[in-house]
Amino acid sequence: MSGRSPSTRSSDRARPDVAVVGAGPIGLAIAWRCAARGLRVVVHDPAPGSGASAVAAGMLSPVAEAYFGEHELTSLLLASAARWPAFAAELTEATGVEVGYRTEGTLMVGLTGDDLAEARRLWAYQQGLGLPVTPLRPTELRDREPALAPRVRGGALAPTDHQVDPRLLVPALRTAAQRAGAVLVAQAVHHLADVDAQVIVVAAGCGAAALTGLPVRPVKGQILRLRAPGGVAPGFRHVIRGYADGEPIYLVPRVDGEVVLGATVEERTDTSVTAGAVLRLLRAGVDLLPELAEYDLVEAVAGLRPGTPDNAPILGPLPGRPDVLAATGHHRHGIVLTPVTADLIADLVTTGVPDPLLAPFRPDRFLADLVDGGGPDHTMEGERWS
Ligand SMILES: Cc1cc2nc3c(=O)[nH]c(=O)nc-3n(C[C@H](O)[C@H](O)[C@H](O)COP(=O)(O)OP(=O)(O)OC[C@H]3O[C@@H](n4cnc5c(N)ncnc54)[C@H](O)[C@@H]3O)c2cc1C
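With our numbering applied, the sequence shown corresponds to residues 25 to 410, in that order.
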């Protein structure tokens with residue numbers, strides 16, 4: 025793939041350098057980065073920001089989400105989290121909008137003895153990777169968060185796991201992209217063949233599967249929003265995540281009084297909210313933080329994460345289509361992965377040279393799926409990808 029520089033020839037004037045399909049955090053951040061480099065960018069989306077990001081909690085948790093067997097994903101999460109402070113500052117400078125980036129860190133807790141045993145296995149693995157996980161005695165835990173239930177058996181601190189508010193982030197990214205010159209077209213793309221641009225970036229979340237044949241599947245997540253009474257900040261400052269009687273949950277406090285309580289992980293394609301899920305989330309949340317029982321329940325909603333067979337994103341050119349770049353499949357990590365995805369895809373567009381960080385996430389690792397499933401706009405049959 026050759027690199028792209030801004031078009032200067034008059035015959036090229038009407039043709040965008042880059043067409044981005046999807047205006048979620050990933051597509052908008054890529055559009056911002058590309059437009060800021062002087063490329064002519066068009067973003068297609070009938071409902072910008074209406075995908076998974078509209079419900080996401082916004083945890084930036086490369087440490088707490090470092091799971092067994094996901095080394096390469098963990099490396100990418102760490103690389104992206106390291107970019108977050110500068111990314112948030114740059115975004116605020118470009119738009120005047122604070123995106124709720126908070127750095128108090130994350131407390132990982134276990135309610136029962138069994139919960140703690142399960143959590144400790146994961147912490148040992150994370151510490152083995154050299155990640156900053158500091159076990160805390162129960163008194164140390166309650167010194168940090170007095171609102172935790174006395175029943176909570178133990179915990180650990182992940183000081184570098186931060187948070188941002190996706191409902192502030194996505195509009196800010198849209199403003200930044202548009203101020204940099206990107207043009208938003210409020211229409212869906214049904215076939216890539218309908219898009220005329222030097223490079224097409226498919227950043228359509230779950231919509232990427234129909235456009236490319238890539239194995240991106242919806243993974244449903246139900247999530248609640250509560251609000252501290254009286255408009256005050258919640259009675260805790262850290263992101264709190266862990267297990268409560270075997271139920272994995274997280275609680276994300278915002279300065280404006282909101283608490284995000286999530287989330288289910290379901291292999292379903294609907295976005296209905298079920299009584300059972302609300303019950304389980306509330307019970308687990310109140311077990312960890314009893315004061316939540318007094319909070320207002322203001323929202324119960326579900327979204328669809330763009331999941332992949334190996335839980336990792338799909339980043340790079342489609343096999344046989346060097347002009348079509350995938351930036352999708354971010355599953356549970358699309359908010360934390362926004363800065364690194366935007367930088368690496370914008371680099372790839374402008375230089376044509378993939379950063380080594382991208383290597384494990386190339387679309388061709390799913391070549392068998394592509395050959396079997398087929399892309400709607402072009403056949404993959406018989407193609408080879410070196
Ligand atoms: C309950 C829940 C909690 C989450 N919590 C976190 C978290 O704490 N931290 C974290 O990092 N991640 C979290 N996530 C995951 C995160 O939300 C996603 O990974 C992220 O939103 C993916 O971004 P995206 O831009 O690729 O896709 P999306 O946010 O889904 O946006 C896709 C966009 O593409 C558009 N689109 C789709 N098809 C087409 C088409 N054919 N033509 C044009 N446009 C199209 C849609 O309208 C939408 O605007 C959570 C997700 C859920 C559901």
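Note that CB positions come from ideal geometry on N, CA and C, so glycine has one too.
Predicted, not measured: the structure shown is a model, and the values here were computed from it.
Tell me where the alpha helix (DSSP H) around Asp167 begins and ends.
For the purposes of this step, residue 167 is identified with residue 143 of the sequence shown, where counting begins at 1. Looking at the DSSP string, the run of the alpha helix (DSSP H) that includes Asp167 is Pro162 to Arg168.
Can you tell me which of the three DSSP states Arg356 falls into?
As a first step, residue 356 must be located in the sequence shown, where it is residue number 332. Residue state, collapsed to three classes: helix.
Kindly identify the DSSP beta-bridge partner or partners of Ala324.
As a position in the sequence shown, residue 324 is number 300, starting the count at 1. DSSP output for Ala324 lists Leu248 as bridge partner(s).
Same chain, Cβ closer than 7 Å to Tyr267, neighbours up to 5 away in sequence not counted:
By 1-based counting over the sequence shown, the position of residue 267 is 243. Correct list, in chain order: Gly134, Leu135, Asp139, Glu142 and Ala143.
Would you say Ile50 touches ligand 3, meaning its beta carbon is less than 7 Å from a heavy atom?
This structure lacks ligand 3; its bound ligands are ligand 1.
Secondary structure at Leu63, three-state DSSP: helix, strand or coil?
In the sequence shown, residue 63 corresponds to position 39, counting from 1. In this structure, Leu63 counts as coil in the three-state DSSP scheme.
Please report the residue range of the alpha helix (DSSP H) in which Thr365 lies.
The residue you call residue 365 lines up with position 341 of the sequence shown. It spans Thr362 to Thr375 - the alpha helix (DSSP H) in which Thr365 sits, taken as one unbroken run.
What did DSSP end up calling Tyr274 once you bin it into helix, strand or coil?
What you label residue 274 is simply residue 250 of the sequence shown in a count that begins at 1. In this structure, Tyr274 counts as strand in the three-state DSSP scheme.
With DSSP as the reference, label Tyr91 as helix, strand or coil.
For the purposes of this step, residue 91 is identified with residue 67 of the sequence shown, where counting begins at 1. Reduced to three states, the DSSP call for Tyr91 is coil.
Coarse secondary structure for Tyr125, derived from DSSP in three states
Translated into the one-based positions of the sequence shown, residue 125 becomes position 101. Tyr125 falls in the coil class under three-state DSSP.
What's the C-alpha gap between Gly340 and Ala171?
Taking the first residue of the sequence shown as position 1, residue 340 is located at position 316. Taking the first residue of the sequence shown as position 1, residue 171 is located at position 147. Going from the Cα of Gly340 to the Cα of Ala171 covers about 45 Å.
So who's on the other strand from Ile224, going by DSSP bridges?
Taking the sequence shown and counting its residues from 1, the one referred to as residue 224 is at position 200. According to DSSP, Ile224 bridges with Ala43 and Val348.
Could you check whether the Cβ of Pro40 sits closer than 7 Å to any heavy atom belonging to ligand 1?
Along the sequence shown, one-based indexing puts residue 40 at 16. No, the Cβ of Pro40 stays beyond 7 Å of every heavy atom of ligand 1.
Would you mind giving the Cβ-Cβ distance between Leu381 and Leu84, rounded to the nearest angstrom? I have them listed as a contact below 8 Å.
Residue 381 sits at position 357 when you count from the first residue of the sequence shown. Residue 84 sits at position 60 when you count from the first residue of the sequence shown. Contact flag wrong, Cβ pair sits at about 17 Å.
Give the C-beta separation of Asp367 and Arg57 to the nearest angstrom, bearing in mind that I take them to be a contact with Cβ-Cβ under 8 Å.
What you label residue 367 is simply residue 343 of the sequence shown in a count that begins at 1. What you label residue 57 is simply residue 33 of the sequence shown in a count that begins at 1. Yes, Asp367 and Arg57 are in contact; Cβ-Cβ is about 6 Å, under 8 Å.
CB of Arg316 within 8 Å of CB of Val325, strictly:
Within the sequence shown, the letter at position 292 stands for residue 316. Within the sequence shown, the letter at position 301 stands for residue 325. At residue 316 the sequence reads Leu, which differs from the Arg that was named. Not closer than 8 Å, so no.
Tell me which residue opens and which closes the beta strand (DSSP E) that Ala336 is part of.
Counting from 1 along the sequence shown, the entry for residue 336 is found at position 312. Run containing Ala336: none; DSSP gives neither H nor E here.
Mapping DSSP to helix, strand and coil, what is Arg203?
Your numbering for residue 203 matches position 179 in the sequence shown. DSSP places Arg203 in helix when its eight states are reduced to three.
Can you name the start and end residues of the beta strand (DSSP E) that Thr130 belongs to?
In the sequence shown, the residue the question calls residue 130 occupies position 106. That run of the beta strand (DSSP E) goes Thr130 to Gly134.
Residue of Ala180, Thr119, Val219 and Asp41 minimising C-alpha distance to Gln150:
Reading the sequence shown from its first residue, position 126 is the one you call residue 150. Answer by Cα proximity: Ala180.
Could you please give me the residues that DSSP links to Ile264 through a beta bridge?
Within the sequence shown, numbered from 1, the residue matching residue 264 stands at position 240. Its beta-bridge partners are Leu131 and Leu275.
Report the rounded CA-to-CA distance for Val225 versus Leu52, giving the unit in angstroms.
Taking the first residue of the sequence shown as 1, we reach residue 225 at position 201. Taking the first residue of the sequence shown as 1, we reach residue 52 at position 28. Computed Cα separation, rounded: 11 Å.
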